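Below is one structure, written out as structure tokens; comments come after it.
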Ligand code: KG4
Ligand code: ZN
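Residue numbers (this note's numbering): 572 to 931.
If you want it as structure tokens, here you go:
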């Protein structure tokens, strides 16, 4: 089985071919083009610029992904594209391109939830069995999700305000660090003193399982304003202190979920926590989660960095999982892009999540 995957939900244009030989998945190609340069001058992703950049780049990337994998369009079994959640302009570009390929080749179209792509990645990289616990930390989402099967997700925790990647990006902006903020905060933090600023550890110890990062963001702003103008060392110290607060807050929330998982699934042979999403590329975050898991006797899986951040291999793989499970209902030419599309459609919306559902 060979599936072409397409990803255009945010600021990466990506195409990939993934194969399944028997039970063994193989990434045959994985082409990603980041739009960092297009957005850098604006300090963040500009939706209209992103959509146009996807239009410019996508055809070439699909050609490259097919060529790298030695695949002709006639050889693919299906085309899978991200249909949401994300920036609607970009989603339209990817989904319409996929529909055109499906129409021209007569192959099925699979409309994939971007979050499901992240959620199923450890099965592509590590052959993980269900159930497992997923910590999804990206620019748009911060959730702990119980992954029970393909299409079977239960949200155990989510953020009540900002997503963690968003908190990294806003912190970077306040400190004058360039976009994209997360990696730059991590780099600056390496030279910093994590003990200099006592930032809050949001939600730590609270009975409610969720995350919150807007208070931390405010604390960073107040600290930065109080000592402005900032030297490079001040910036590094704030970044290190911010990262320390984030890792401690994450560890507290994740520890809670691990305990719940152990209690509800005592027979799972190898209880596992998976971390996914762009913030999972952060080495300090990864190391702290790994230590936490070791302490709880839980396996820790972090996909390779290139498969943590947005890519199309995870979309092709989610397509393969759905095809293999015979779950293609609701796909097809009538599928429209969805800017919001919760992975777990059953969990109640959280307070403050707005009329159209949770923001993050
Ligand atoms: O999953 P992703 O590539 O796109 C979304 O679906 O949002 O995540 C992007 C987010 C951005 O907020 C970015 O700043 C953050 O992931 N990020 C990081 C790092 N690399 C990317 N945050 C902290 N440390 C990093 N090294
Ligand atoms: Zn993502």
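No residue lacks a Cβ here, since even glycine has one placed at the ideal position from N, Cα and C.
Just so you know, these numbers come straight off a predicted model, no measurement behind them.
Counted as a single uninterrupted DSSP element, the beta strand (DSSP E) harbouring residue 713 occupies residues 713-720. CA-to-CA, the gap between residue 718 and residue 877 works out to about 22 Å.
Distances from the CB of residue 605 to the heavy atoms of the ligand ZN are all 6 Å or more. Residue pairing by DSSP places residue 684 opposite 655 in a beta bridge. Residue 697 and residue 833 have their C-alpha atoms spaced approximately 21 Å apart. Restricted to the region 701-763, the alpha helix (DSSP H) segments that are unbroken, complete and at least 4 residues in length are 735-745, 752-760, listed in chain order.
Residue burial is scored here from C-beta neighbours: residue 905 has fewer than 16 other C-beta atoms within 10 angstroms and is therefore classed as exposed. In the DSSP annotation of this structure, the continuous segment of the alpha helix (DSSP H) that includes residue 630 starts and ends at 618-640.
If you draw a straight line from the Cα of residue 747 to the Cα of residue 766, it is about 21 Å long. Beta-bridge partners assigned by DSSP to residue 604: 584. Inter-residue distance for residue 753 and residue 691 is about 23 Å (C-alpha atoms, whole angstroms). Its chain contains 583, 585, 882 as the residues whose beta carbon lies nearer than 6 Å to that of residue 603, once the 5 sequence neighbours on both sides are disregarded; these appear in chain order. With a beta-carbon spacing of about 26 Å, residue 693 and residue 658 fall beyond the 8 Å limit used to define contacts. When secondary structure is reduced to three states using DSSP, residue 578 falls in the strand class.
Between residue 676 and residue 665, the C-beta spacing is not below 7 Å. DSSP places residue 596 in the strand class (E or B) of the three-state scheme. For residue 908, same chain residues with a beta-carbon under 7 Å away, outside a window of 5 residues either side, are 654, 655, 659, 662, 663, 666 in chain order. Taking C-beta separations shorter than 8 Å and ignoring five residues to either side along the sequence, the partners of residue 630 in its chain run 668, following chain order. The straight-line gap separating the alpha-carbon atoms of residue 880 and residue 847 is approximately 8 Å. Comparing alpha-carbon positions, the option among 860, 802, 576 lying closest to residue 829 turns out to be 860.
Not a single heavy atom of the ligand KG4 lies less than 6 Å from the C-beta of residue 713. Of all residues, those with a beta-carbon under 5 Å from at least one heavy atom of the ligand ZN are 709, 881, reported in chain order.
Taking each of 764, 862, 853, 855 in turn and checking the Cα distance to residue 844, the smallest one comes out for 862. Counting C-beta atoms within 10 angstroms of its own C-beta, residue 892 has 16 or more neighbours from the protein chains shown and is therefore classed as buried.
Beta-carbon to beta-carbon, residue 818 and residue 850 are separated by about 11 Å, too far to satisfy the 8 Å threshold. Residue 740 has its Cβ nearer than 6 Å to a heavy atom of the ligand KG4. If you draw a straight line from the Cα of residue 865 to the Cα of residue 701, it comes to about 20 Å.
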